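For the sequence shown, the residue numbers in this note's numbering are 10 to 105.
Worksheet: one structure, shown below.
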Amino acid sequence: MTKKTRRRYSDEFKADAVSLVTHQGYSVSEAARRLEVERSVLDRWCRKHHQQVSSTPERQEDDRDAEIKKLREEVRKLQVEKDILKKAAFFAKESS
10 MTKKTRRRYS
20 DEFKADAVSL
30 VTHQGYSVSE
40 AARRLEVERS
50 VLDRWCRKHH
60 QQVSSTPERQ
70 EDDRDAEIKK
80 LREEVRKLQV
90 EKDILKKAAF
100 FAKESS
């Protein structure tokens, strides 16, 4: 009985293989056959790629929402400070 050795693939090879499916229109089975990799392996790479791509915009939205919240709070504080300075200038003018 022969023992199968586990093949290692570079990240570049995996990206190119996924690109065949996602950008060039090959089916997973056809791309796997042409690249001589197991269909299940290529399918796993495609699922992982899809998860990474789909989760990225959510993280960006969360970061953007946090930044907007931070900036709104800063604007509110600056408006309060501006109002205080206006009142101080008014009272300084009146007392002169």
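Note that beta-carbon positions come from the ideal geometry of N, C-alpha and C, so glycine has one too.
The model shown is predicted, which means the values in this text are computed figures rather than measured ones.
In or out: residue i buried (at least 16 other Cβ within 10 Å) or exposed?
i	result
residue 62	exposed
residue 27	buried
residue 29	buried
residue 51	buried
Helix, strand or coil, according to DSSP, for residue i in the structure here?
i	result
residue 69	helix
residue 88	helix
residue 58	helix
residue 15	coil
residue 38	helix
residue 83	helix
Who are the near neighbours of residue i in its chain, counting only those whose CB is closer than 6 Å to its CB and skipping five residues on each side?
i	result
residue 31	none
residue 77	none
residue 44	26
Sorted by chain position, which residues of the same chain lie with C-beta nearer than 8 Å to residue i's C-beta, five sequence neighbours on each side aside?
i	result
residue 47	41
Whose C-alpha, out of the options, is nearest the C-alpha of residue i?
i	options	result
residue 36	55, 70, 24, 19	55
Can you list, in chain order, the residues of its chain whose CB lies under 7 Å from that of residue i, leaving out five sequence neighbours each side?
i	result
residue 38	48
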